[in-house]
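Undergrad: Questions regarding the structure given below will be posed in turn.
2 protein chains.
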Amino acid sequence: MNVTEYMNGLGQAARSASKQLARANTGMKNRALLATAEAIESERDTLKRANARDLDAGRTKGLEAAMLDRLELTDARIDTMIEGLYQVAALADPVGGITDLNFRPSGIQVGKMRVPLGVIGIIYESRPNVTIEAASLCLKSGNAVILRGGSEAIQSNQALAACIRTGLKAADLPESIVQVVETTDREAVGALITMPEYVDVIVPRGGKGLIERISRDARVPVIKHLDGICHVYIDDQADADKALAIAVNAKTHRYGVCNAMETLLVAESRAEELLPQLADAFVSRGVELRGCQKTRALIDCAAAAEEDWSTEYLGPVLAVRVVAGLDEAIDHINTYSSQHTDCIVTENYTLGRRFLTEVDSASVMINASTRFADGFEYGLGAEIGISTDKIHARGPVGLEGLTSQKYIVLGDGQIRE
Amino acid sequence: MNVTEYMNGLGQAARSASKQLARANTGMKNRALLATAEAIESERDTLKRANARDLDAGRTKGLEAAMLDRLELTDARIDTMIEGLYQVAALADPVGGITDLNFRPSGIQVGKMRVPLGVIGIIYESRPNVTIEAASLCLKSGNAVILRGGSEAIQSNQALAACIRTGLKAADLPESIVQVVETTDREAVGALITMPEYVDVIVPRGGKGLIERISRDARVPVIKHLDGICHVYIDDQADADKALAIAVNAKTHRYGVCNAMETLLVAESRAEELLPQLADAFVSRGVELRGCQKTRALIDCAAAAEEDWSTEYLGPVLAVRVVAGLDEAIDHINTYSSQHTDCIVTENYTLGRRFLTEVDSASVMINASTRFADGFEYGLGAEIGISTDKIHARGPVGLEGLTSQKYIVLGDGQIRE
Numbered sequence: 001m002n003v004t005e006y007m008n009g010l011g012q013a014a015r016s017a018s019k020q021l022a023r024a025n026t027g028m029k030n031r032a033l034l035a036t037a038e039a040i041e042s043e044r045d046t047l048k049r050a051n052a053r054d055l056d057a058g059r060t061k062g063l064e065a066a067m068l069d070r071l072e073l074t075d076a077r078i079d080t081m082i083e084g085l086y087q088v089a090a091l092a093d094p095v096g097g098i099t100d101l102n103f104r105p106s107g108i109q110v111g112k113m114r115v116p117l118g119v120i121g122i123i124y125e126s127r128p129n130v131t132i133e134a135a136s137l138c139l140k141s142g143n144a145v146i147l148r149g150g151s152e153a154i155q156s157n158q159a160l161a162a163c164i165r166t167g168l169k170a171a172d173l174p175e176s177i178v179q180v181v182e183t184t185d186r187e188a189v190g191a192l193i194t195m196p197e198y199v200d201v202i203v204p205r206g207g208k209g210l211i212e213r214i215s216r217d218a219r220v221p222v223i224k225h226l227d228g229i230c231h232v233y234i235d236d237q238a239d240a241d242k243a244l245a246i247a248v249n250a251k252t253h254r255y256g257v258c259n260a261m262e263t264l265l266v267a268e269s270r271a272e273e274l275l276p277q278l279a280d281a282f283v284s285r286g287v288e289l290r291g292c293q294k295t296r297a298l299i300d301c302a303a304a305a306e307e308d309w310s311t312e313y314l315g316p317v318l319a320v321r322v323v324a325g326l327d328e329a330i331d332h333i334n335t336y337s338s339q340h341t342d343c344i345v346t347e348n349y350t351l352g353r354r355f356l357t358e359v360d361s362a363s364v365m366i367n368a369s370t371r372f373a374d375g376f377e378y379g380l381g382a383e384i385g386i387s388t389d390k391i392h393a394r395g396p397v398g399l400e401g402l403t404s405q406k407y408i409v410l411g412d413g414q415i416r417e
Numbered sequence: 418m419n420v421t422e423y424m425n426g427l428g429q430a431a432r433s434a435s436k437q438l439a440r441a442n443t444g445m446k447n448r449a450l451l452a453t454a455e456a457i458e459s460e461r462d463t464l465k466r467a468n469a470r471d472l473d474a475g476r477t478k479g480l481e482a483a484m485l486d487r488l489e490l491t492d493a494r495i496d497t498m499i500e501g502l503y504q505v506a507a508l509a510d511p512v513g514g515i516t517d518l519n520f521r522p523s524g525i526q527v528g529k530m531r532v533p534l535g536v537i538g539i540i541y542e543s544r545p546n547v548t549i550e551a552a553s554l555c556l557k558s559g560n561a562v563i564l565r566g567g568s569e570a571i572q573s574n575q576a577l578a579a580c581i582r583t584g585l586k587a588a589d590l591p592e593s594i595v596q597v598v599e600t601t602d603r604e605a606v607g608a609l610i611t612m613p614e615y616v617d618v619i620v621p622r623g624g625k626g627l628i629e630r631i632s633r634d635a636r637v638p639v640i641k642h643l644d645g646i647c648h649v650y651i652d653d654q655a656d657a658d659k660a661l662a663i664a665v666n667a668k669t670h671r672y673g674v675c676n677a678m679e680t681l682l683v684a685e686s687r688a689e690e691l692l693p694q695l696a697d698a699f700v701s702r703g704v705e706l707r708g709c710q711k712t713r714a715l716i717d718c719a720a721a722a723e724e725d726w727s728t729e730y731l732g733p734v735l736a737v738r739v740v741a742g743l744d745e746a747i748d749h750i751n752t753y754s755s756q757h758t759d760c761i762v763t764e765n766y767t768l769g770r771r772f773l774t775e776v777d778s779a780s781v782m783i784n785a786s787t788r789f790a791d792g793f794e795y796g797l798g799a800e801i802g803i804s805t806d807k808i809h810a811r812g813p814v815g816l817e818g819l820t821s822q823k824y825i826v827l828g829d830g831q832i833r834e
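These protein sequences, in sequence, are chains A and B. All the letters of the first sequence, read from the start, carry residue numbers 1 to 417 under my numbering. All the letters of the second sequence, read from the start, carry residue numbers 418 to 834 under my numbering.
Below, the structure is given as structure tokens:
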């Protein structure tokens, strides 16, 4: 059987299972999640043996240490997966929620009911725990899911899929609600993203190259962000302590994350006072600064080139620019930001309000570290990814982002006159 | 200049104008709408002369009568456009609305702010009044718009565009917020739907062929429905009077509309009682019935072929099928429906609740005519189109469907620990 036929088979099974899942109540879905957690606990050794086979193969293939680390299923990571399943089971079920049910002059009542999207395709790389994370969120939101993990994690992912099947069976739900692609053939990805009849949305998790390819070739919507070029703008009327704390936290709390600051903008009137303190804080933490001309007149650092303004360093490097004020800051951000997360530090009501309104990014903040742009910090309870698109879901995407709404109309026999 | 370059120019101007429009307050947008209404009133003769040129050219080209009718700008239609502009000005501004602003344990407050999508592309056919309707909804929702009307309406659309420019100028807004494509070259459509850097969403209004082509080739999301194969299911426990009134209204109130019923399903236990009455009502109104075998055992009508269940007649023809009960009705609907609008007639609480939950359509109704599936009837105040997709907007799409949301975070200097 060729890959396209195989993927079509998965798609058909997922579509059919999604219809049964849409009718499943919250109790059944939670039962499946908890039974999966129990299966992972009791199959801990099986999981570690399967993972060891992946690690051995990876070492033989010469995978780099960072990738082998991401691939490893330690006891702590297995515990985290189990804990995650309990957490998702404890979340409110978004499906079936009815909102805005109001009477109309005709006498009908019109409202909206939240419904699953249908079938989600997840494409990810080496971390096998994504299998459980993504499957649990799709299941709780009433969606069937097809998971395509990295070929280097195939044994681990299969073993985790077996635990999920055990969980689904325990709840009398069809096993094909969660399917892990069993071939490592690269064509499987191409097939998965081009079968709109079976797959409603793709969520890619991985490097920018992977996501760009998927976005370009997909025939269904893709929930994604390409990069996180996040800004902190220290305004004319910023509180100096808040400015320092936020700038340092946004850059140095973690380097390799999409919500870390990559460019710092400082109002000209405050540059002389604040830039030396900021430079001390960053340099003492090992952060390399690349500044504009005005920055370099005040502190000792390398010159920023044009491409620095649109670079996601994902490491201890920071671009710094002095701007005249709010207008120039907003212009800079709306030009160079990846529309992920941008922050103003200010005590001024009017300027803060303008920044909130005029910056066109998925998360816009006043006086808070960009590191807060995260599904857990926002109270979504979970996060399947972050979207910088404006269509459907924007910002951190939780259970609600995996659902849609339909209109419901309740009447007593009304007809149009 | 070639068409692609020309369209890129429009796109660039629209993108730039959309950024200015995003900052415009409600008062400015309303001023532009009202000044456009005044310009249409004072340019009534100019509009009619431009329209007469289109009508002359259409007659010379041998356009059919129905198309010439849709093309004509009568005084009544001009009045309706003016009235529509006043109505859109009176609608609440969706932009900037903040919802769900709640404190998190970290001390930050997280909420959502409604924002424009950016630039909308509208592709439509002969009716020039769509120019005003679509432009006013895009403007009110803070979006720049590029309008590509039918070549047969080019003079009328240009004249209307001039009125809109007058309105925008009166409100100190950039004229390129609303741009009408001035070339009738078909390549313009291809360019408009494949420039994601300048256009965020396409809304096609026209025949199924046009919309299929656009959906297939577009590189940006398309808000659309292909057809409206709507069902009424008369349940075992339906009230007979409601069933008759709803079925007749859903089919015969207007034939050529997407929310008209195309297939009637009747529970077997009620078929002998109701089908003869239904048949009398339909036949006396000139509706041709095409029935399944069980239907034809009870009433005199033609045999329905398999393709009748998936045909949008848009005329006085109705497919009729007898089903065992709710399960078979839901199966039929979820198989053949275009997921537009489907209705159950029942007095039974549990069956009604199951129908609402399990039918996977944009509008699902109990005891109300499918003809209510409409932005005005739903209280949206306006309608740019109807979507049968699950991503972004579903069902009738009003101002809110032309917007997105961003997260806003209000802090006092919080950092991630």
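C-beta atoms are modelled at their ideal positions from N, C-alpha and C, and glycine is treated no differently.
#1: Our contact map puts B:K641 next to B:S632 with C-beta atoms below 8 Å; I'd like the distance itself, whole angstroms only.
#2: When we look at the beta-carbon of B:R738 and count the other beta-carbons within 10 Å, is it buried (16 or more) or exposed?
#3: Taking a Cβ distance cut-off of 8 Å, strictly less, list which residues of the stretch 768-779 of chain B are near chain A, in chain order.
#4: Indicate whether B:V505 and B:K586 have their beta-carbon atoms separated by less than 8 Å.
#5: If we define contact as Cβ-Cβ less than 8 Å, is B:G538 a contact residue for chain A?
#6: Measuring straight from C-alpha to C-alpha, what distance separates A:L63 and A:L71?
#7: Based on Cα-Cα distance, which residue from B:D473, B:L627 and B:Q596 lies nearest to B:V616?
#8: If you compare alpha carbons, which of A:S151, A:E5, A:L318 and A:W309 is closest to A:K61?
#9: Check B:A587 in the structure and name its three-state DSSP category.
#10: With A:P94 as the anchor, note down where its beta strand (DSSP E) starts and where it stops.
#11: Taking 8 Å as the threshold (C-beta atoms), are A:D235 and A:L326 in contact?
#12: Check the Cβ of A:V287 against every Cβ in chain B and list those closer than 8 Å, keeping chain order.
#13: Kindly indicate the opening and closing residues of the beta strand (DSSP E) around B:Q596.
#14: For the beta strand (DSSP E) that contains A:C230, what are its first and last residues?
#15: What is the DSSP secondary structure of A:S363, reduced to helix, strand or coil?
#16: Per DSSP, which residues does A:E288 bridge with? Please list them.
#17: What do you reckon, are the CB atoms on B:N546 and B:T497 nearer than 8 Å?
#18: Mind pulling the alpha helix (DSSP H) runs of 4 or more residues that sit fully within the stretch 617-692 of chain B?
#19: What span of residues does the alpha helix (DSSP H) with A:C138 cover, start to end?
#20: According to DSSP, is A:D342 helix, strand or coil?
#21: B:D656 touches chain A at which residues, Cβ-Cβ below 8 Å?
#22: Since A:D239 and A:E347 are thought to touch, with beta carbons under 8 Å apart, how far apart are those beta carbons, to the nearest angstrom?
#23: When you compare the CB of A:A245 with every CB in chain B, is at least one pair closer than 8 Å?
#24: A:I122 and A:V203: beta carbons closer than 8 Å?
#25: What separation, rounded to the nearest whole angstrom, lies between the Cα atoms of B:L472 and B:L490?
#26: Let me know if B:D634 comes out buried or exposed under the rule of 16 or more other beta-carbons within 10 Å of its beta-carbon.
#27: In three-state terms, what does DSSP make of B:L821?
#28: Going by beta carbon distance, what residues of the same chain come within less than 8 Å of B:G703, once the five residues before and after it are set aside?
#29: Are three or more beta carbon pairs between the stretch 397-411 of chain A and the stretch 96-108 of chain A nearer than 8 Å?
#30: On the DSSP bridge assignment, give the partners of B:I803 in chain order.
#31: Mark B:D725 as exposed unless 16 or more other C-beta atoms lie within 10 angstroms of its C-beta, in which case mark it buried.
#32: Just to make sure I have the definition right: I need the residues of chain B whose C-beta is within less than 7 Å of the C-beta of A:N405. Which are they?
#33: Strictly below 8 Å CB to CB, what residues from chain B border A:E212?
#34: Applying the 10 Å Cβ sphere with the 16-neighbour rule, what's the burial state of B:N468?
#35: Starting from the beta carbon of B:A587, find every residue of chain A whose beta carbon is closer than 7 Å, and list them in chain order.
#36: Where does A:M1 land, buried or exposed, given buried means 16+ other C-beta within 10 angstroms?
TA: Once the coordinates are examined:
#1: Taking the first residue of the second sequence as 1, we reach residue 641 of chain B at position 224. Taking the first residue of the second sequence as 1, we reach residue 632 of chain B at position 215. Between B:S632 and B:K641 the Cβ distance is about 6 Å, and since that is below 8 Å, they are a contact.
#2: Here residue 738 of chain B corresponds to residue number 321 of the second sequence, with the count starting at 1. With 16 or more other Cβ atoms within 10 Å, it is buried.
#3: L773, T774, E775, D777, S778 and A779
#4: For the purposes of this step, residue 505 of chain B is taken as the residue at position 88 of the second sequence. For the purposes of this step, residue 586 of chain B is taken as the residue at position 169 of the second sequence. The answer is no: Cβ separation not under 8 Å.
#5: Indexing the second sequence from 1 puts residue 538 of chain B at position 121. B:G538 does not count as touching chain A.
#6: Mapped onto the first sequence, residue 63 of chain A falls at position 63. Mapped onto the first sequence, residue 71 of chain A falls at position 71. Roughly 10 Å separates the two Cα atoms.
#7: As a position in the second sequence, residue 616 of chain B is number 199, starting the count at 1. Nearest of B:D473, B:L627 and B:Q596 to B:V616, Cα basis: B:Q596.
#8: Within the first sequence, numbered from 1, the residue matching residue 61 of chain A stands at position 61. Looking at the Cα atoms, A:S151 is the closest of the given residues.
#9: Locating residue 587 of chain B in the second sequence gives position 170, where the first residue counts as 1. In this structure, B:A587 counts as helix in the three-state DSSP scheme.
#10: Reading the first sequence from its first residue, position 94 is the one you call residue 94 of chain A. A:P94 -> no beta strand (DSSP E), and no H or E assigned at all.
#11: As a first step, residue 326 of chain A must be located in the first sequence, where it is residue number 326. As a first step, residue 235 of chain A must be located in the first sequence, where it is residue number 235. A contact, by the Cβ cut-off of 8 Å.
#12: Here the question's residue 287 of chain A lines up with position 287 in the first sequence. Near A:V287 there are no residues of chain B at all, since even the closest Cβ is about 16 Å away, more than 8 Å.
#13: Locating residue 596 of chain B in the second sequence gives position 179, where the first residue counts as 1. Segment V595 to V597, the beta strand (DSSP E) holding B:Q596.
#14: Here residue 230 of chain A refers to the residue found at position 230 of the first sequence. Per DSSP, the unbroken beta strand (DSSP E) holding A:C230 starts and ends at C230 to I234.
#15: Counted from its first residue, the first sequence places residue 363 of chain A at position 363. Here A:S363 sits in strand by DSSP.
#16: Translated into positions along the first sequence, residue 288 of chain A becomes position 288. In DSSP, A:E288 forms a bridge with A:V317.
#17: On the second sequence, position 129 is the one that residue 546 of chain B refers to. On the second sequence, position 80 is the one that residue 497 of chain B refers to. In contact: B:N546 and B:T497 (Cβ atoms closer than 8 Å).
#18: You should have 625-634 and 657-669.
#19: Taking the first residue of the first sequence as position 1, residue 138 of chain A is located at position 138. It spans N129 to K140 - the alpha helix (DSSP H) in which A:C138 sits, taken as one unbroken run.
#20: Reading the first sequence from its first residue, position 342 is the one you call residue 342 of chain A. Strand, per DSSP.
#21: Indexing the second sequence from 1 puts residue 656 of chain B at position 239. Near B:D656 (Cβ distances below 8 Å), the residues of chain A are G413.
#22: Translated into the one-based positions of the first sequence, residue 239 of chain A becomes position 239. Translated into the one-based positions of the first sequence, residue 347 of chain A becomes position 347. Contact annotation, A:D239 with A:E347: C-beta distance approximately 6 Å; criterion of less than 8 Å satisfied.
#23: For the purposes of this step, residue 245 of chain A is taken as the residue at position 245 of the first sequence. For A:A245, the answer is yes, since a Cβ of chain B falls inside 8 Å of its Cβ.
#24: As a working note, residue 122 of chain A is residue 122 in the first sequence. As a working note, residue 203 of chain A is residue 203 in the first sequence. Pairing A:I122 with A:V203 gives a Cβ-Cβ distance under 8 Å.
#25: Counted from its first residue, the second sequence places residue 472 of chain B at position 55. Counted from its first residue, the second sequence places residue 490 of chain B at position 73. Approximately 10 Å, taken between the alpha carbons.
#26: Here residue 634 of chain B refers to the residue found at position 217 when the second sequence is read from its first residue. By the neighbour-count rule (16 or more Cβ atoms within 10 Å), B:D634 is not buried but exposed.
#27: On the second sequence, residue 821 of chain B is found 404 positions in, with the first residue counted as 1. Just to set this straight, residue 821 of chain B is Ser in the shown sequence, not Leu. Strand.
#28: Here residue 703 of chain B is taken as the residue at index 286 of the second sequence, counted from 1. Excluding sequence neighbours, B:G703 sits near P733.
#29: yes
#30: Here residue 803 of chain B refers to the residue found at position 386 of the second sequence. Paired residue(s): B:P813.
#31: Your numbering for residue 725 of chain B matches position 308 in the second sequence. Looking at its Cβ environment, which holds 16 or more other Cβ atoms inside 10 Å, B:D725 is buried.
#32: Residue numbering aside, residue 405 of chain A sits at position 405 when the first sequence is read from its first letter. Before going further, note that residue 405 of chain A is Gln rather than Asn in the sequence given. Within chain B, the residues near A:Q405 are R811.
#33: Stepping through the first sequence from its first residue, residue 212 of chain A is reached at position 212. Ordered by position in chain B, no residue passes the 8 Å Cβ test against A:E212, which lies about 13 Å from the chain.
#34: To locate residue 468 of chain B, count along the second sequence from 1; it is residue 51. Buried: at least 16 other Cβ atoms inside 10 Å.
#35: Counting from 1 along the second sequence, the entry for residue 587 of chain B is found at position 170. Correct list: empty, because the minimum Cβ distance to chain A is about 24 Å.
#36: As a working mapping, residue 1 of chain A is identified with position 1 in the first sequence. Exposed, since its Cβ has fewer than 16 Cβ neighbours within 10 Å.
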